[in-house]
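Student: Can you read through this structure? Questions will come right after.
Protein chains in written order, with this note's numbering: chain H, 271 to 386; chain F, -8 to 104.
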């Protein structure tokens, strides 16, 4: 079956513009995560969706960042009024709650965002 | 909050054994995961330790000691393709019953011929 997919793969935008990043998780996976990774750095947790529960937004760096997950599947991460420090690779991951290997998440290829 | 420490770089030769350590400070700890990431690629899952002890998967093994807040990833019979970044990640309880992973900053492994 298909893995996690993300679009676009690359996005270049001007400072102050809004961007939307899309994630299609693996079918049947109830958990969906967004991370941000700057060059040479680790993964920074942004937001977590699990089923119909309220999302865990504790990692969002500012109120310019928001995310939605429609129908328990596709998710969109929106960054408003982008700043240069938002430039990074944005990774989406999904997992199936209840797997024996609960620490296993499946990552998409990421969206490389460049804010000029 | 949570914090994880792992070495920033490790170098070894082909065929050798290398150990990448990870120490953590966290609350609501459930387990320790390891991920591999090649340059320009997505992280891929290697192993998970929910209980103390050693987990073995082929050439890779991972160890956890909850009492010491410590774990390691052991790579045997190193191959050139093992050159990558390796991240430890703790699975913790966040709001309510939600669980998330907090990642370390990664260890860049370079395998020399």
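Glycine included, every Cβ here is placed at the ideal spot set by N, Cα and C.
Between residue 45 (chain F) and chain H, is any beta-carbon pair separated by less than 8 Å?
Tutor: no
Student: Just to confirm, are residue 38 (chain F) and residue 53 (chain F) a CB contact at a threshold of 8 Å?
Tutor: yes
Student: Please classify residue 378 (chain H) as buried or exposed, where buried requires at least 16 other C-beta atoms within 10 Å of its C-beta.
Tutor: buried
Student: By Cβ distance below 7 Å, which residues in the same chain neighbour residue 286 (chain H) in space, the five residues on each side in sequence not counted?
Tutor: Here the set comprises 351, 352.
Student: Skipping 5 residues on each side, what residues in its chain have a beta carbon closer than 8 Å to that of residue 43 (chain F)?
Tutor: 55, 56, 57, 58
Student: Taking residue 272 (chain H) as the reference, which of H:320, H:299, H:361, H:313 has the closest Cα?
Tutor: H:299
Student: Is the stretch -4 to 6 of chain F close to the stretch 94 to 104 of chain F, with three or more CB pairs under 8 Å?
Tutor: yes
Student: Do you know offhand how far residue 66 (chain F)'s Cα is from residue 8 (chain F)'s?
Tutor: 6 Å
Student: In the DSSP assignment, the beta strand (DSSP E) including residue 27 (chain F) goes from what residue to what residue?
Tutor: 20 to 28
Student: Please classify residue 23 (chain F) as buried or exposed, where buried requires at least 16 other C-beta atoms within 10 Å of its C-beta.
Tutor: buried
Student: Of all the CB atoms in chain H, is at least one closer than 8 Å to the CB of residue 96 (chain F)?
Tutor: yes
Student: Have a look at residue 177 (chain F) and residue 82 (chain F) and give me their C-alpha separation to the nearest angstrom.
Tutor: Outside the displayed range of chain F (-8 to 104) lies residue 177 (chain F), so it cannot be described from this structure.
Student: Pull up the CB-CB distance for residue 275 (chain H) and residue 381 (chain H), whole angstroms please, since I reckon it's below 8 Å.
Tutor: Rounded, the Cβ-Cβ distance is 11 Å, inconsistent with contact.
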